[in-house]
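Sequential numbering from 1 applies to the sequence shown in the numbering used here. Cβ coordinates follow ideal geometry from the N, Cα and C atoms, glycine included. This one's a predicted model, so the numbers in the text were calculated from it and none came from an experiment. Below is one structure, written out as structure tokens; comments come after it.
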Amino acid sequence: KLKYDDNWCGKIIFCSVCDEEIGGNGTIRSLQYLKQHNLLPENDCIAIIAEPSQNLLCNESLGFINLNFEFVANSIHMGLASPSNNALTQAIALVNDFSQLLQQAIDSSSAQYCPQRFKYNFGQISGGCDNAVPMNSLTLGATLFFPESISAKDLVNTLQDQLKQYNNSANMCTTGISFPGAKYNISTIDNNLGAEHIFPSPCDARLFKPYSIPTVVF
């Protein structure tokens, strides 16, 4: 339900498209169509994106990059092995230390560390061939969420520098899947909206940026 007073006038364009995050191009095509038909008035429009934002209006959305961490160990036969012969031991150490590694990486860059603007999830694990034999190799998949103030390339480079303390036992590589974050100056929207929050993952907000359309996530 949309409520407005008698003095309100304007145009509402409702778009329901495929998620860009999973390979759809609905938002891009919609914006191209609207611009081609002069339906995007300059300096006089705002985009509202529907996302689960816990009833908060967000004027910033994080970007993300997918990473794989690869570990290699010298596996020894069954009961003769110790934890040091297991790639899983290395992976656990990385997971336990990752918050500190991430903060060190950010501190060495031009970005400012803020827990709200840097998040991560470890989401996939694979490796091993037999319950009785320690893993001689293991791959751990993660997603790292970051703000517009730092590029994915700079974040990966600084994080790789921090991983050197693991004596090359942890090799990090990107999967080629990443999206930048997006942030909009609150003065370009409407200060009365109170949109001063962060949407903690990427969304289509980044696609409205090239069209100079102020955007909030709600």
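Query: Cα-Cα separation, residue 151 to residue 89; Result: 31 Å
Query: Inter-residue Cα distance where the pair is residue 1 and residue 70; Result: Confidence at residue 1 is low in this model, with a pLDDT of 43, below 50, so its placement is unreliable and no value can be given for it.
Query: Residues near residue 209 in its chain [Cβ-Cβ closer than 6 Å; skip 5 each side]; Result: 182
Query: Residue 183, DSSP secondary structure in three states; Result: strand
Query: CB contact below 8 Å: residue 28 versus chain B; Result: Annotation note: the requested chain B is absent from the structure, which comprises a single protein chain.
Query: Simplified DSSP assignment, three categories, for residue 26; Result: helix
Query: Same chain, Cβ closer than 8 Å to residue 64, five either side skipped, listed in chain order; Result: 143, 144, 145, 146, 178, 179, 201 and 202
Query: Whole-Å CB distance - residue 122 paired with residue 101, under 8 Å assumed; Result: Actually they do not touch by this definition, with Cβ atoms about 13 Å apart.
Query: The beta strand (DSSP E) enclosing residue 145, as first and last residue numbers; Result: 137–146
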